[in-house]
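Chemist: Residue numbers (the working numbering), protein chains in the order written: chain A, -1 to 293; chain B, 148 to 776.
Okay, handing you the structure first.
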Amino acid sequence: MNALHLMAELIFMPLIAFIVGMMMVLMMRKISARLQRRIGPPFFQPLYDIVKLYGKDTQISHGLIHDIGIIMAVGGYIGAEILLPVPGMEGIAAKGGVITLSYFLMIPSLGMALGVGQCANPNGSIGISRALTAMLAYDIPFILVVFGAAWHYQSTSLIGMIEYQQVHQWGIVEMPLLAIAGLFALQGMLGKQPFEIYIAPAEIATGPMVEMSGKYMGGLFVMQTFQLYTAGVLYASLFLGGGTSFLTLLPKAFLVVALPMSIAFMFPRYKTEDVIRILWKWPVMLGLISLAFIL
Amino acid sequence: MTLLDHLFIVVFSCLIAISVVRNLPIVDKLAPVLYGLILIMLVRMASVAYGGDAYLSSFSLDLLGFKMHWQFTALSWYFAIITLVAALASAVFMSGDWGRQYREGGGNYGMLQLALIVNVFSMILLLGSGDLLSLFIGWEFVSWASFLMMVLSPSKLAKKSAVKYIVYAMTGAMALMVAIVMIYAVNDSLEFEQISIVFAQMSGSSQVALVLLLFVAFAIKMGLLPFHLWQAVAYAETPGPGAAFLGAISSRMGMFTIVLVIVQFIGLGGLKSVGTSFANMQTLLAWVAALTTIIPTYIALQQHDAKRLLAWHGVGQGGYMLLGIIMFDSIGSAGGLMHVLNHASYQAALFMTVVAVMYRTGTSDLNKLGGLVTQMPLTFLVMLIGIIGLAGLPPMNGFVSKWLVYRSLLVNGQPLLFVAAVLGTLGTILSVYKLIHNTFLGQLRLEHQNVREVPWSMLVPMLGLSVIVFITGFMPGLILPWIASVQESVGLPVIAHHLGGIEYAKGGLDMIWVSGILFYGFGVGALIFYFLGGKSKRVHQYDNYAGGHFLTSDVRYHYSNNFYPGLMHLIGTWYRGSFQWLENSIVSVMSFFSVFFENIYRAKQPVMLLLIGVVLALLALYRNLGVGA
Chain A
-1 MNALHLMAEL IFMPLIAFIV GMMMVLMMRK ISARLQRRIG PPFFQPLYDI
49 VKLYGKDTQI SHGLIHDIGI IMAVGGYIGA EILLPVPGME GIAAKGGVIT
99 LSYFLMIPSL GMALGVGQCA NPNGSIGISR ALTAMLAYDI PFILVVFGAA
149 WHYQSTSLIG MIEYQQVHQW GIVEMPLLAI AGLFALQGML GKQPFEIYIA
199 PAEIATGPMV EMSGKYMGGL FVMQTFQLYT AGVLYASLFL GGGTSFLTLL
249 PKAFLVVALP MSIAFMFPRY KTEDVIRILW KWPVMLGLIS LAFIL
Chain B
148 MTLLDHLFIV VFSCLIAISV VRNLPIVDKL APVLYGLILI MLVRMASVAY
198 GGDAYLSSFS LDLLGFKMHW QFTALSWYFA IITLVAALAS AVFMSGDWGR
248 QYREGGGNYG MLQLALIVNV FSMILLLGSG DLLSLFIGWE FVSWASFLMM
298 VLSPSKLAKK SAVKYIVYAM TGAMALMVAI VMIYAVNDSL EFEQISIVFA
348 QMSGSSQVAL VLLLFVAFAI KMGLLPFHLW QAVAYAETPG PGAAFLGAIS
398 SRMGMFTIVL VIVQFIGLGG LKSVGTSFAN MQTLLAWVAA LTTIIPTYIA
448 LQQHDAKRLL AWHGVGQGGY MLLGIIMFDS IGSAGGLMHV LNHASYQAAL
498 FMTVVAVMYR TGTSDLNKLG GLVTQMPLTF LVMLIGIIGL AGLPPMNGFV
548 SKWLVYRSLL VNGQPLLFVA AVLGTLGTIL SVYKLIHNTF LGQLRLEHQN
598 VREVPWSMLV PMLGLSVIVF ITGFMPGLIL PWIASVQESV GLPVIAHHLG
648 GIEYAKGGLD MIWVSGILFY GFGVGALIFY FLGGKSKRVH QYDNYAGGHF
698 LTSDVRYHYS NNFYPGLMHL IGTWYRGSFQ WLENSIVSVM SFFSVFFENI
748 YRAKQPVMLL LIGVVLALLA LYRNLGVGA
């Protein structure tokens, strides 16, 4: 890999993630609008929102850690995208692998948690407490899924996993139960209903976002675009064969993200302990049964 | 005279020097210099950690017809260097203002200094042991040295937990002695090599007994389940830097002996031959390790005292070390061994931050702190680096060793152990966020408005340790040659490494790239934040959304108590149920023995104790002679 190529990847991998992520946000809003018989926002609305938030006059800072938290939240994802291989661009995926990626993805959450903590708002702290509890809940099935996939493909590198699926069959065909468990974990990971315990506007005033204004909120918005993109592409790479070009990869990624969105709006919100209970029961059970077949 | 002789002489002279001057003001200046001196001696022996030959002592001691000798292998050196760095950091930490405050508070500062050097001396003695007898003597020294340090705190609880510890430790020592007698009985030799020879000659039930006795002895020191109950309280009650030192390395002497005796001389084949093919000794030990990662971690999550919380995590992290080494492959054992150093570095730093907070505010109660980041920013930074290490997230060193352990579990096809390890890590993340949130973030209390940063004598060791946490995470290749030498010296497969991490087919790790990308991301994030956004305005902490109310300083609203109510609502019932039942039953059994032993101690009849030891030894001797003949 020459230096120029790497430089290009350092810029384009996060940039593509950001643009595709914004489209996913748009899709999310469109789905919810159609379900509620509205038309929904125009194509560039996510971009307008981000520009508006970053350009606002009122920008409230509660101290340096508040700022650093937002930088870590956005910056951590920018780094993570370079570990996530896409067609034509492998970044540094060969130097880390999927275990590194899954721990890397906790850095932005930790950053956000630090920033929110510095805000000194109990609603925010409760939100973080719930978000971390939710992470404990969905990461157990998620890690089972990663284990099963890595064992089945005999590789911890996403590149190796995609190559295997290109030669053989897609993961979802060979490991259907594990793929379902993965979808379950995905719903929790994206924090969508019925697992959106840490936003909970009516209970804790949107939790982590309660003291965020202007570019702080904008930072969280950008973080969400990255989060949707990462979840979609990661799942597509693990189970849907990845893609040889963006034309084959992106439809899969959009489909993966659309699924939890469509389900989300049919559910209310669980209690925190019920989130753990349900995520530790069904997807873990599916995952274990699936592992029994794989091993 | 070999270098090892020099080392022993230097350490012993340091012990004498500190015990002489311990009550004079000069001890503050002298102690760090002396630890530095010992460290230099160790650095002179560094060739052993890069594949050189082990150092032997030129002298030996004849005791009751047994010949005792000493040696320093790559394994000994690795543990010794960690010990000395932890001791040096603790000595610097306590040498200035902390020591003054401790003396003014009525603490016996001279004894604390003495306890530290006695600990270092006894650990070097243990690490240098060359046969089973010198191992046993070193083992006893280490146990009593820790006791000396624990018993220093004036609190009643500290005394009680120290006594509890020493009873545990004596039980372990008895187990070790019986095991040694079992080995000796067969071939009349106390050399280490005899262990594997004797083990091969033994019958199945004697093999089980030997492995269990050895493991119980070492597990007690390391605080592995179900012998973990003494450790957290005892360490948490030890005064300031003493807790940092003990928490960093003391209980890892158990890990050292596990590697030295069980891994090296009984080995994977030995462990697998004991028991059935479905559940052999390796499986048992792996599950002991897995439960040790989970249960103490979730007990830590419930603590509201910062030192206890850290001490419980210290117990839990021991599980990762055993889990790694018990896999017996190159990456797993490297992860387990590396975690000893990594854990020592961030655990010492974390304990010091808590002691620093106590120094300024007088409390380590997580419900009585908050918002200190504006007052003590550097201490906050050290704690942040420390908790990222403890939680095992990139780019700190804890990530590297845990990654190696995960990778090994994955390669060996152990999904349940893998989930157990991850469950431990997730619990750790929850718990350490609570630690930093309740101490440094959120509402600053009125009484802490004038708190200042701690003095440099305390900051320097903390920052130094956090530099180690970062550098060894960024470039694990600095440590990996030592690990490879240890693996070679104890007969484990050797890991293939480079400066950034490890080479491994089907997915390696290069931390230089991973950390580099992380900081690149942070850089871009900072550019976006500072140059693309509007200018932000700094507001007071009470300028905050409170649902239409106004916040004032007399209202305490910091969300700290029962930080994870949803989780506790669910798993709290498990604590009350199975965990607590399990703990209570262990406590009952243990306290039965404690009472028994305590009464023996109270009765001041060491003769009784000796009698019991002799009877047990004779019993083992008799049985083995029978078996051997």
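Virtual Cβ for every residue (Gly too), placed ideally from N, Cα, C.
Leaving out five residues on either side along the sequence, give the residues of the same chain with a beta carbon under 6 angstroms from the beta carbon of B:Pro628.
Modeler: Closer than 6 angstroms at Cβ, skipping near neighbours: Tyr197.
Chemist: What residues of chain A sit near B:Gln596, judged by a beta carbon separation below 8 angstroms?
Modeler: By Cβ distance, chain A contributes nothing, its closest Cβ being about 14 angstroms from B:Gln596, past 8 angstroms.
Chemist: Does B:Val774 get closer than 8 angstroms to chain A when you measure Cβ to Cβ?
Modeler: Because B:Val774 sits at a pLDDT of 48, beneath the cut-off of 50, its placement in the model cannot be relied upon, and the point is left open.
Chemist: Quick one: residues in its chain with C-beta nearer than 6 angstroms to the C-beta of B:Ala675, no 5 flanking neighbours on either side, listed in chain order?
Modeler: Here the sequence assigns Ile to residue 675 of chain B, which means Ala is not the residue at that position. Closer than 6 angstroms at the Cβ level, and outside the excluded window around B:Ile675, lies no residue.
Chemist: Does the structure place the stretch 86 to 103 of chain A close enough to the stretch 20 to 28 of chain A that three or more beta carbon pairs sit under 8 angstroms?
Modeler: Taking 8 angstroms as the limit for Cβ pairs, the verdict is that the stretch 86 to 103 of chain A does not touch the stretch 20 to 28 of chain A.
Chemist: Which chain A residues are close to B:Gln522, counting only those with a beta carbon under 7 angstroms from its beta carbon?
Modeler: Per Cβ cutoff of 7 angstroms: no residues; B:Gln522 is ~12 angstroms from chain A at best.
Chemist: Excluding sequence positions up to five away, which residues of its chain have a Cβ less than 8 angstroms from the Cβ of A:Ala31?
Modeler: If we look at A:Ala31 and ignore the five residues flanking it on each side, its Cβ neighbours are Ile37, Gly38 and Pro39.
Chemist: Residues in its own chain within less than 7 angstroms of B:Phe283 by CB, not counting five upstream and five downstream?
Modeler: So the list reads Leu323, Met324 and Ile327, once near-sequence residues are dropped.
Chemist: By DSSP's criteria, B:Leu210 is part of a beta bridge. Which residues make up the other side?
Modeler: According to DSSP, B:Leu210 bridges with B:Phe213.
Chemist: Taking only three categories from DSSP, how would you classify A:Pro12?
Modeler: Three-state result, A:Pro12: helix.
Chemist: So what does DSSP say about B:Gly588, is it helix, strand or coil?
Modeler: One point to set straight first is that residue 588 of chain B is Leu, not Gly, in the sequence displayed. The answer is coil: DSSP assigns B:Leu588 none of H, G, I, E or B.
Chemist: Identify, in the order they occur along the chain, each residue of the same chain with its Cβ nearer than 7 angstroms to the Cβ of B:Gln260, setting aside the five sequence neighbours on each side.
Modeler: The answer, listed in chain order, is Ile165, Arg169, Val174 and Ala178.
Chemist: For B:Met317, does the count of other Cβ atoms within 10 angstroms reach 16, so buried, or fall short, so exposed?
Modeler: It is buried - the Cβ of B:Met317 has at least 16 other Cβ atoms within 10 Å.
Chemist: Mapping the DSSP letters down to three states, classify B:Gln411 as helix, strand or coil.
Modeler: Helix.
Chemist: Which residue comes first and which comes last in the alpha helix (DSSP H) that contains B:Cys161?
Modeler: Where B:Cys161 is concerned, the enclosing alpha helix (DSSP H) stretches over Leu150 to Val168.
Chemist: If you compare alpha carbons, which of B:Phe362, B:Met321 and B:Ser350 is closest to B:Val333?
Modeler: Nearest option by C-alpha distance: B:Ser350.
Chemist: Quick check on B:Leu337: buried or exposed, where buried means 16 or more other Cβ atoms within 10 Å of its Cβ?
Modeler: Buried: at least 16 other Cβ atoms inside 10 Å.
Chemist: Is B:Met622 buried or exposed, if buried means 16 or more other CB atoms sit within 10 Å of its CB?
Modeler: By the neighbour-count rule (16 or more Cβ atoms within 10 Å), B:Met622 is buried.
Chemist: Would you be able to state if there are at least three C-beta pairs under 8 angstroms between the stretch 214 to 229 of chain B and the stretch 472 to 482 of chain B?
Modeler: Segments in contact, no.
Chemist: Identify the contact partners of A:Leu13 in chain B, using a Cβ-Cβ distance below 7 angstroms as the criterion.
Modeler: Ordered by position in chain B, no residue passes the 7 angstroms Cβ test against A:Leu13, which lies about 10 angstroms from the chain.
Chemist: How about the stretch 529 to 539 of chain B and the stretch 404 to 413 of chain B: do they share at least three Cβ pairs that are nearer than 8 angstroms?
Modeler: As far as the Cβ criterion goes, the stretch 529 to 539 of chain B does not touch the stretch 404 to 413 of chain B, which means the pair count is below three.
Chemist: Starting from A:Leu88 and walking both ways along the alpha helix (DSSP H), at which residues does that stretch end?
Modeler: A small fix is needed here, since residue 88 of chain A is Glu in this sequence, not Leu. Neither: A:Glu88 is in no alpha helix (DSSP H) and is coded neither H nor E.
Chemist: Verify the CB distance criterion: does A:Ala148 have a CB-CB separation below 8 angstroms to chain B?
Modeler: Yes, A:Ala148 lies at the interface with chain B (some Cβ there is under 8 angstroms from its Cβ).
Chemist: Quick check on the burial criterion: 16 or more other C-beta atoms within 10 angstroms. Buried or exposed for A:Leu195?
Modeler: This sequence places Ile at residue 195 of chain A; Leu is not what is there. By the 10 Å Cβ count, A:Ile195 comes out buried.
Chemist: Suppose contacts are defined by Cβ-Cβ distances below 8 angstroms. Is A:Ala251 in contact with A:Val231 by that definition?
Modeler: Their beta carbons are under 8 angstroms apart, which means A:Ala251 touches A:Val231 by this criterion.
Chemist: Any idea what DSSP makes of B:Tyr202, helix, strand or coil?
Modeler: DSSP places B:Tyr202 in strand when its eight states are reduced to three.
Chemist: Within 10 angstroms of its Cβ, does B:Lys684 collect 16 or more other Cβ (buried), or is it exposed?
Modeler: So B:Lys684 ends up on the exposed side.
Chemist: Contact criterion: CB-CB distance below 8 angstroms. Does A:Gln225 meet it with respect to chain B?
Modeler: Not an interface residue.
Chemist: Tell me whether the stretch 48 to 64 of chain A and the stretch 204 to 224 of chain A touch, counting them as touching only if at least three CB pairs, one residue from each stretch, are closer than 8 angstroms.
Modeler: Yes, the stretch 48 to 64 of chain A touches the stretch 204 to 224 of chain A.
Chemist: Give a yes or no on whether the C-beta atoms belonging to B:Val552 and B:Tyr467 are separated by under 8 angstroms.
Modeler: Against a cut-off of 8 angstroms, the Cβ pair of B:Tyr467 and B:Val552 comes out as a contact.
Chemist: Do you know whose CA, among A:Pro206, A:Asp137, A:Ile276 and A:Phe16, lies nearest A:Met187's CA?
Modeler: Out of A:Pro206, A:Asp137, A:Ile276 and A:Phe16, A:Asp137 has the C-alpha closest to the C-alpha of A:Met187.
Chemist: Within a Cβ cutoff of 8 angstroms, which residues of the same chain sit near B:Phe159, ignoring the five residues on either side of it in sequence?
Modeler: Closer than 8 angstroms at Cβ, skipping near neighbours: Phe268.
Chemist: Any beta-carbon of chain A closer than 8 angstroms to the one on B:Leu497?
Modeler: No, because no Cβ of chain A sits closer than 8 angstroms to the Cβ of B:Leu497.
Chemist: Can you check whether the CB of B:Phe546 is closer than 8 angstroms to the CB of B:Leu432?
Modeler: No, Cβ-Cβ distance for B:Leu432 and B:Phe546 is not below 8 angstroms.
Chemist: Quick check on this structure: which residue in B:Asp278, B:Leu717 and B:Tyr315 has the alpha carbon closest to the alpha carbon of B:Gln218?
Modeler: The option with the nearest alpha carbon to B:Gln218 is B:Asp278.
Chemist: Which value, in whole angstroms, describes the spacing of the CA atoms of B:Gly775 and B:Phe346?
Modeler: Because B:Gly775 sits at a pLDDT of 44, beneath the cut-off of 50, its placement in the model cannot be relied upon, and the following sentence gives the value as read from the coordinates. In a straight line, the C-alpha of B:Gly775 is about 12 angstroms away from that of B:Phe346.
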